[in-house]
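Reminder that position 8 of the sequence shown reads as 153 in this note's numbering, one-by-one numbering, no gaps.
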Amino acid sequence: MASRRGQMLDGVLLLDKPVGLSSNHALQRAKRALDARKAGHTGTLDPFATGLLVCCLGRATKISSKMLEADKTYVATVQLGEETDSGDLTGNIVATTPPEAINVDHDTFEAALAAFRGEIEQIPPMYSALKRDGKPLYEYARQGIELEREPRKISIHRLDLLRFEGLEADILVECSKGTYIRTLAQDIGRALGCHAHLKALRRTTVGPFRLDDAVALEALQAMPDPKTVLIPLDALPAGLAPASTKQEEIL
Numbered sequence: 146m147a148s149r150r151g152q153m154l155d156g157v158l159l160l161d162k163p164v165g166l167s168s169n170h171a172l173q174r175a176k177r178a179l180d181a182r183k184a185g186h187t188g189t190l191d192p193f194a195t196g197l198l199v200c201c202l203g204r205a206t207k208i209s210s211k212m213l214e215a216d217k218t219y220v221a222t223v224q225l226g227e228e229t230d231s232g233d234l235t236g237n238i239v240a241t242t243p244p245e246a247i248n249v250d251h252d253t254f255e256a257a258l259a260a261f262r263g264e265i266e267q268i269p270p271m272y273s274a275l276k277r278d279g280k281p282l283y284e285y286a287r288q289g290i291e292l293e294r295e296p297r298k299i300s301i302h303r304l305d306l307l308r309f310e311g312l313e314a315d316i317l318v319e320c321s322k323g324t325y326i327r328t329l330a331q332d333i334g335r336a337l338g339c340h341a342h343l344k345a346l347r348r349t350t351v352g353p354f355r356l357d358d359a360v361a362l363e364a365l366q367a368m369p370d371p372k373t374v375l376i377p378l379d380a381l382p383a384g385l386a387p388a389s390t391k392q393e394e395i396l
């Protein structure tokens with residue numbers, strides 16, 4: 146039997162995912178840089194998105210379910226004037242509002258955000274990994290099929306306007322699991338009486354973990370000993386460290 150590759154490393158890597166890579170591709174590159182045997186991430190970012198990807202190695206993978214349930218924070222750029230079928234800049238434009246017909250300024254945009262704070266209902270996008278009859282919704286969407294989706298309750302704990310310039314706005318969103326920021330961008334555009342889509346997205350927190358403490362993938366790959374950036378199990382925030390027993394170590 147061939148030996149399994151990589152070292153048995155235990156710990157958490159806070160990775161700043163670059164634009165253009167899927168979360169899994171970023172994870173696999175980090176895993177190779179660390180020469181780790183077992184690793185997983187705790188919440189997908191789309192390829193166009195950047196920011197905090199919490200990667201769990203070895204026994205730290207036991208905290209993955211807790212991280213999937215955790216609140217998250219994003220900085221998002223909303224582009225007014227165009228709505229796409231995916232809700233973001235990667236999709237095909239399906240509706241437009243001419244710039245001269247968009248009567249939105251800083252105060253108007255900020256006022257519209259009030260309706261999206263707190264517990265709200267959101268209809269998941271067709272371009273999502275949610276499944277219907279065992280098949281992801283995005284597979285139906287790619288065939289031009291749109292299915293009815295039940296709205297889901299989510300919580301927007303914080304929603305702030307950071308910048309409004311021209312037809313673009315940067316917003317800070319602190320939200321519960323299951324929130325689709327591209328759907329939020331689309332719905333804000335509709336509430337403003339124009340169309341909108343998500344132009345950029347950067348995740349800044351996942352539960353207790355912060356982007357400020359993350360390492361960029363290129364920097365990780367250039368380190369002589371990248372294992373030094375791992376958060377060991379005994380240094381994880383309270384309530385996250387997986388139980389460790391002698392029996393577990395033997396098994």
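Idealized CB from N, CA, C, for every residue including glycine.
Within its own chain, the residues whose Cβ lies closer than 8 Å to the Cβ of E266, once the five positions on either side in sequence are excluded, are P296, R297, K298, I299, listed in chain order. With 16 or more other Cβ atoms from the protein chains shown falling within 10 Å of its own Cβ, R347 counts as buried. The beta carbon of F309 sits closer than 6 Å to the beta carbons of H251, F254 from its chain, once the five residues preceding and following it are set aside; these are given in chain order.
Taking all protein chains shown into account, D233 has 16 or more neighbouring C-beta atoms within 10 Å of its C-beta and is therefore buried.
According to the DSSP assignment, A367 belongs to the alpha helix (DSSP H) that extends over 362 to 367.
Between the beta-carbon of A341 and that of V223 there is about 5 Å, and that keeps the pair under the 8 Å contact cut.
Rounded to whole angstroms, D191 and D305 show a C-alpha spacing of 22 Å. In the structure shown, the three-state DSSP call for R327 is helix.
The alpha-carbon separation between Y219 and C320 amounts to approximately 8 Å. In the same chain as P244, and ignoring 5 residues on each side of it, the C-beta atoms closer than 8 Å to its own belong to G226, L312, in chain order. Three or more Cβ pairs closer than 8 Å define a contact, and the region 191 to 204 falls short of that threshold against the region 281 to 296.
9 Å or more divides the Cβ of D180 from the Cβ of L362. As for any beta strand (DSSP E) of minimum length 3 sitting wholly inside the region 263 to 292, the runs are 263 to 267, ordered along the chain. Annotation: the continuous alpha helix (DSSP H) that includes E255 extends over 251 to 257.
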